[in-house]
Structure formats: structure tokens, C-alpha cells
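Residue numbers (the numbering used here), protein chains in the order written: chain L, 13 to 496; chain H, 252 to 733.
Working notes, beginning with the structure itself.
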């Protein structure tokens, strides 16, 4: 049996975080009513002309720098010609032979292997198309009618093309996560796959292990989540292996990932593929990036995940593992940074609460941190209540759930529900005495030597006080009363 | 009064010798009398124009003319210029019924300058043609001879001015579409330097070649309109940001000592004898004014026509892709499926010449042909620019006939696209190099006007207009009046 190795390259399309569109002043805001963010330019009215959005270029340069690319002093926009009802001009303004950034790399640490460097071929600017909404069918084929929403038309995109350096679905996933992290940390994109702000196509081929030449590749489209990317690539590698094992040939084609069926399906072969007839966009001048512009972009490059991991370890003494967990999602890291500024105590307390209770909650509820109402100030306030013994850690664990749901301040929740810890000795002694009185048999057994029953009395006290009794105080009083 | 030049009409208005309403009425009377034969207008805005005229008269009464150099003057637009709320057809069935959602920058500048807009003018469909016979909507005739074409593609814009149906018009020029019809109709047509006038709102044909410019009765009128429409526009990335100039400043300066060169390649074979004679006479008159006239060879010109029909059609194939029946214009109603809807809408909506150019351009851009055609054509453009640069190192301007012939008869070239294309042989190189060029009437051949084309280095419109004005003064050419 021949051993095969997979060769994978990813093409990632990401929306750039600009206020206005790529070539007009329309807003890029997501979720507005259909065709409300439109103008003559992004609807392709005859005679309208594109004007390049400088902020989009800025973000593209920033991304190029974060991906260790060469930023090209001169890049050129080109028309990519094809017909589709969501493409108002009948061509997409993109970059072709002269992209804004080329030849870079990122280092990834896949779950199933050692750290590895992945080459970036290029990153180029282009505009997005509009969106079609079909009635009577899933796609345009068979639909009784289709509606065009051009809100997304001409929203700025950056396409990041990797070298065919990835060798497994896990590596592809790690690479995609790395790119997402860079996009988010550098403030380039929200990189949200659910809102379509990050899209990914994969070029997949296999070859006998150790071979120098590439096999015939297929392009996989329609992968709408990180999980889908990993699964689709796995499935496609398996399909190609089986095809070769059965003596069939791999055809160069575009395939669509069908998540429900768990398979990839042929869309079109190379012969049917488009001839995009690229040529330089005559309505735009070549994009010239000066040394000063580049320097400015370099200066404005925000702190990336690696730099934060290092800082967390050095400044706060946080473990490498925890620092990595904190920085997986930029929202969590930002939350931590704000909380750390507000909190005077040991920052590791914040880490503990964030990485266990908060992230656990998010995982259970399938939420992003930003979708909850918890704010750094609230968490810090709660930590303060623990530190000054107003509440116990156990109570805090109950509080955090409510705080995530309601955004209510910890102090207020404590006031409202009377969760304040009972530390008053006299009060506690009274309660404990009552419990001892109510359980003469257990008291007798305890005194007869069954000292393990102390835990029973602690439990009863907690039950009676609804957990508000301070455990050290309870222990102390119990010892006193039981020995008495 | 409709016979007056723009400048003369303005003088009368400003002196209070007439009103804008009267001027405008006069123009509409002329339109009413002659449109049945000339057929220059595709739409006529009588009511709106008279309302604009009345408003202008109010301002004139108050002396409120600041920043309004065209206040109350009736002008018309080629129907590939957007004016919000009006139909913009490009003389194509595919855009019939399309109402502009916005106003072209050049048109807005006319409005801001106080102009009265009388209507929109016929053209070859999408500005593709040299006789206006490619209009899918109507047949415009040459006011000098109704059996003959007005030239194209701005045929309506030229005929309307020649017939005194407006005091001037805006056209567009991709390969001669202002200058050639101006020559055929015995008027002045100016194509400014690429980038001097914003293209925003001009329905694109060949984006790297298109330029909006005036068609007028006199050189001075052309300068007046250029003063208004020129200037940087942030909506057009190819427009050039440079300080404004007064293009009328040098019109009366003499041209003694100016060095002018006749283009060798455009003065012999392929140019009608009568046209050559008219040009020769004109050159003598320029010599009499002290100009030095020599001959210059521009060897790369022999590739110009081929290069033009690759660049312009390639760009057009993309520019016209948006007419797919999805958002505006004609849509085939019986098609089943999207692809068929695209195909049928376009098959029904575009005329034969437009289809020919879309196919040519699509072919030229196709994988495997791009280097041989589009890229090679761009290299020819560089050669042509270099030829001009060499000439301008020695000469102030280069001269040639605007077109190899005078206005030809209807149908004479319709079935022979190549001979039709050749009528732009003299004007095309100017677009390929992005230079300013003007056509000035210089005489008659067989009772039909002949145009002299002058071209100068980029952004030297003042010099161009100065030489053109000198030619105009000495030509002895008299405009006709219907």
C-alpha cells in the first residue's frame, strides 16, 4: 500500500474593518435592511467611478506586515470579469499580477505536531460582491425568484494565499486559527466566519510520501466554519486516497463541501472554469505606497498574540499555558488586560476565574465573550468582595453565572440576595448551637469518637446559611463547641 | 438670436438686451422648425429649460451673476451623460427607459454655472461609431446636407450646434467622437487632455481614452465651456489636480514664431484630395500670420488604429458587462434561468456594432491572447506617446486633417466597418496619447466643411486654443444657418 501525504494551501478572504466600502463612501455596517448601504458606485450605475479607500490600503499593509510580507511599493488593481447577478459591474475590482503584499510567513503550532513555518504567497485587495436571496429553492437554480442585496457589494476584502506548505487538516486548522488571531489582534478584521467576514477555500492534493512533485489538486469551497474546514479537508484527502487506491485519477476541479452529507461534491472541472480576462483597471491609478506610509503602518501595528503571551508571563508571572489560553481569543485577552489594570490583587486570580468559570460557561452555552454581559469592572469588583471576605469563593461561583447572564454588578447581587458571608461569630455560634441541639444522636456519636461527623455539622451549617457562613469561622466555632 | 455664438448671446444677456427666456424660446422655435429633419435630440426638456431660464432671468435682474458664467444660456448634452432624473439611453435599446440616479460632474458644473439644459442628443450606440448611424433610436442628419451623416459618435451634439438648436453642447471623445462630427458639421470640437475634465457620470466606453469636451460654434465658446467643466474631481481617480487656468486668456495673442508641424503620415495617401487642398490653404494662412510650418514623421501612427481597436474594445467589453438586465435597462421577460436572461437581454438590447466590439474586446483579453493583443497595444500607446514627445520637443503643435474625408452619405460605410474605422485615423492617436486636440473648420470641399485638427502637449489647452483661434480668424470659414 502506498503511503500518501497531503499537500494543502488555503485561500482566505477576510473583510477589512473599515467604516466605508472599498470604492465609495457607503457604510460597511452588517445587518442593515437590504439595499440601504448603496450608491451609484457600488450598484454599478453607468458612468460611476471607483475611488480607493485609503483605510483599506492601510489595513492591507498592516496585515502584510503582520504576516512578514514584503509590501510592494507599487501594486495595480485589475478587473476580474465574470457574470453573476450579485456582481453589479460584471467585473470585480481585484489585484492580479501586482498584489499589495507578497512572500511572507507565519509560524503555527498544530495540535498534532511541532511548530512549523507556513509560507504566504501573497495578500491582495479586492471588493466583495452583493448577496442573493432566493425564493423557492436553495440556490439560483430552480428559484422562483431571486433578490439582490447590494449592501455587501464593494465591501473591502483581503485575500491571503498560502504556499502549499500544509500537510494535514489539523495543520490547516491551526494555520486558519493563526491567521484569524493575527487579523483580530492587529485590528484588521473581525474575522467572524458566521457573518461571512472570514471565508476560506482549500487547494488539496495528495502524493506518495516523500515525492517531490505535486499531485493533481482540487479546490474545496463552501466551508463555513473552522470545524468545517478541518472536516472537509480530511474528507477530501480520504476521497483522493480511495480514488487512487481504486486506480482512478484525480481530476483538477472545484468541489463543494456538503456538511450535512459529510462529503465533497464536484462543482466544475478545469475545462469549465472561468477565464476571468484580467486587465489593469483603467479607472484607478496604480497604488503607490511611500516609505513614510509604510513606516507609519509599522508604528501603528498593534500587539499580536505572541507578544501578549510573552508580556503576561513576564509582567504577571502567568504560566505559558494560561497565557496561551487567555490569548486564544482576542476578546478574552482584551478583557484580561482591562481587568488587570483595574485589579490591585494577584492577577492570577483573574486568570483563574477567566480560564475556568468564564470560559467554561462560554463553552457550555456556545457563546463568545462579547455576547455576554460580563464586563471587566464587574469581575474585578467580585474579586474584591472575595478578598475582603464579603463573599466566599463558593458564593462567587454562583454569582459569576448571574453576572454573565445579566451584567449585574456583584455588589448589587450580593445586596439583593443576602448572599453576604456571615462572619459574625455570635451569630454563627447561635446557629451552630441550634444545629447541635437538633442533632443529639450525631453529637453523641461524635463525642464517642466518630470525629468524621464534624463534616456533617459543617454541611448542616452551610445548608442552613445557604452557603453564606464563612467556612474557617464555622470550623473554628465547631471545634470550640464540640470540644465543650 | 439662436444664430449667435455662446459669447455673443452672453453679451446680449448681460447687457440686458435680451432675456434667457427669450433666448431659450428662440432655441426651441429652431428645434421645432428643424428637428423633423435634423433629429439631433433624443429628449427635449422644454418645460424644465424654460423654468431654468426664468430663474436665470431673476438672477440677472438682481445682478447675481457671480460664479455663473453660463447663466441663462441654453446648452445640450450628449445622451451618455448622466443628469439625475432624466432618461440616459446612450442611444441603445438596452438602456431605453433608464433614469439617471445621479448627475455627472461636468454636467453639474454646467448647472452650477447657471446653464439652461435644453435636452439630450443622439449618438452612435454607446459612442461606438463615426456617423451616428449606429444609434438604435434615430437617424440624425448633417445640417449642411441632409443626405449625409453628421459624423459620430457625438453626431447629435455636433448637428444640434450646427443647426443653431443650442448654443453649445457637451460630447465625449474616445477616438475622435467630438472632433470628427465637429469637422463634418462645420463647428469647433475640443477633446481636452485625459484627466482635465472629470469622467464621473459619463457612461464609459474606453475608460483610458474617454474624455468629455465641448462642441461649439467658435473657438472662444469652446474655451468658455472648458473654463467651466475643467478641474479636479475627487470622484474620478484619473482626474488631475492642478491649478485652474483661464482658457480664454491667449485667444487673441498672435502666433508669429509658433512652430507647427504637419503630420507626414496624415497628409498623403488615404486623405481625400479636396480635404488636402483645404488644409493646404489653411496652412498658407497660418504662415501668413508668422507661424513656421514644417512636416514631421510620426512612424508609429501606422499601428494606432489597430492598437485603438484592441484597447478601446477590451475596456468596452468590461464596461458594458453591467448591462445584464439585472438592475436596470432592458430585461428579457421570457428567459428561463439566469444565464439565458443575461444572454437574451444582451442579444436583444445591443446593436450589431456594439456586439462586434464586445466580442473583439472579449477575445483580445482572453487567456493566451492577452500578451499578443492588449499588452502589445499598450506598448504601441507608449510608442505613440514617444513619437509625439519627439515632435513636441521641436514644435508647439502638430496639425492634420480631422478626418480623411468630408461628411459621407448615409449607408456609404455601414457595411464596411474597417472603412468606417478609418475615418478616425487622424483623431485616434491623440486619444491613445491622452493629448488635447481640437477640430476647427478651415474651409469647404464640395460645399461641405473640412476640419483642421491641432494637437499640443498635455495640459497645454491654452496654447491649443490660441492656435485654433488664429486658424479660425484667418480661415474665412462661414457657418451655415438653417
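Just so you know, even glycine gets a beta-carbon here, dropped at the ideal spot from N, CA and C.
9 angstroms Cβ cut-off: residues of chain L touching residue i
i, result
"residue 333/H", "52, 57, 58, 59 and 60"
"residue 386/H", "The premise fails here: residue 386/H is roughly 17 angstroms from chain L at the closest Cβ pair, so nothing lies under 9 angstroms."
Counterpart residues of residue i in DSSP-defined beta bridges
i, result
"residue 704/H", "651/H and 690/H"
"residue 212/L", "24/L and 235/L"
"residue 166/L", "Per DSSP, none; premise fails for residue 166/L."
"residue 159/L", "145/L"
"residue 419/H", "467/H"
"residue 396/H", "393/H"
"residue 105/L", "91/L"
"residue 292/H", "372/H"
"residue 404/H", "Looking at the DSSP assignment, residue 404/H forms no beta bridge with any residue, so it has no partner."
"residue 266/L", "231/L and 280/L"
"residue 676/H", "None, per the DSSP bridge assignment."
"residue 16/L", "220/L"
"residue 174/L", "132/L"
"residue 453/H", "332/H"
"residue 292/L", "90/L"
"residue 442/H", "688/H"
"residue 660/H", "399/H"
Contact list for residue i against chain H, beta-carbon separation under 9 angstroms
i, result
"residue 95/L", "572, 575, 589, 590 and 593"
"residue 295/L", "450, 455, 458, 459, 487, 488 and 489"
"residue 74/L", "The premise fails here: residue 74/L is roughly 23 angstroms from chain H at the closest Cβ pair, so nothing lies under 9 angstroms."
Residues that residue i contacts on chain H, provided the C-beta gap is smaller than 7 angstroms
i, result
"residue 298/L", "Under the 7 angstroms cutoff, chain H gives no residues; its nearest Cβ is about 11 angstroms from residue 298/L."
"residue 100/L", "573 and 578"
"residue 287/L", "617 and 618"
"residue 103/L", "569 and 572"
"residue 301/L", "None at all; the shortest Cβ gap to chain H is about 16 angstroms."
"residue 91/L", "569"
Cutoff 9 angstroms: residue i Cβ touching any chain L Cβ
i, result
"residue 558/H", "no"
"residue 454/H", "yes"
"residue 355/H", "yes"
"residue 404/H", "no"
"residue 493/H", "no"
"residue 352/H", "yes"
Neighbour-count burial assignment, residue i, 16 or more Cβ in a 10 Å radius
i, result
"residue 262/H", "exposed"
"residue 363/H", "exposed"
"residue 449/L", "exposed"
"residue 592/H", "buried"
"residue 340/H", "buried"
"residue 314/H", "exposed"
"residue 557/L", "Any question about residue 557/L goes unanswered here, given that chain L covers just 13 to 496."
"residue 347/L", "buried"
"residue 486/L", "buried"
Option nearest residue i by Cα separation, candidates the options
i, options, result
"residue 18/L", "139/L, 245/L and 424/L", "245/L"
"residue 325/H", "303/H, 705/H and 532/H", "303/H"
"residue 236/L", "349/L, 24/L and 66/L", "24/L"
"residue 355/H", "260/H, 658/H, 570/H and 452/H", "452/H"
"residue 252/L", "307/L, 161/L, 374/L and 219/L", "219/L"
"residue 174/L", "459/L, 318/L, 20/L and 349/L", "20/L"
"residue 440/H", "416/H, 460/H, 412/H and 639/H", "412/H"
"residue 476/L", "258/L, 445/L and 453/L", "445/L"
"residue 358/H", "554/H, 449/H, 692/H and 724/H", "449/H"
Residue-level contact to chain H via CB, residue i, 9 angstroms cutoff
i, result
"residue 63/L", "yes"
"residue 119/L", "no"
"residue 231/L", "no"
"residue 161/L", "no"
"residue 39/L", "no"
"residue 158/L", "yes"
"residue 291/L", "yes"
"residue 153/L", "yes"
Neighbouring residues, chain H, relative to residue i (Cβ below 8 angstroms)
i, result
"residue 373/L", "Those do not exist, as residue 373/L stays about 47 angstroms from chain H at its closest Cβ, beyond 8 angstroms."
Partner residues on chain L for residue i, Cβ-Cβ distance less than 7 angstroms
i, result
"residue 428/H", "Chain L residues near residue 428/H: none, gap ~16 angstroms exceeds 7 angstroms."
Interface partners of residue i on chain L, CB under 8 angstroms
i, result
"residue 498/H", "By Cβ distance, chain L contributes nothing, its closest Cβ being about 24 angstroms from residue 498/H, past 8 angstroms."
Amino acids of chain B, ordered along the chain, whose beta-carbon sits closer than 7 angstroms to that of residue i
i, result
"residue 711/H", "Of the protein chains in this structure, namely L and H, none is chain B."
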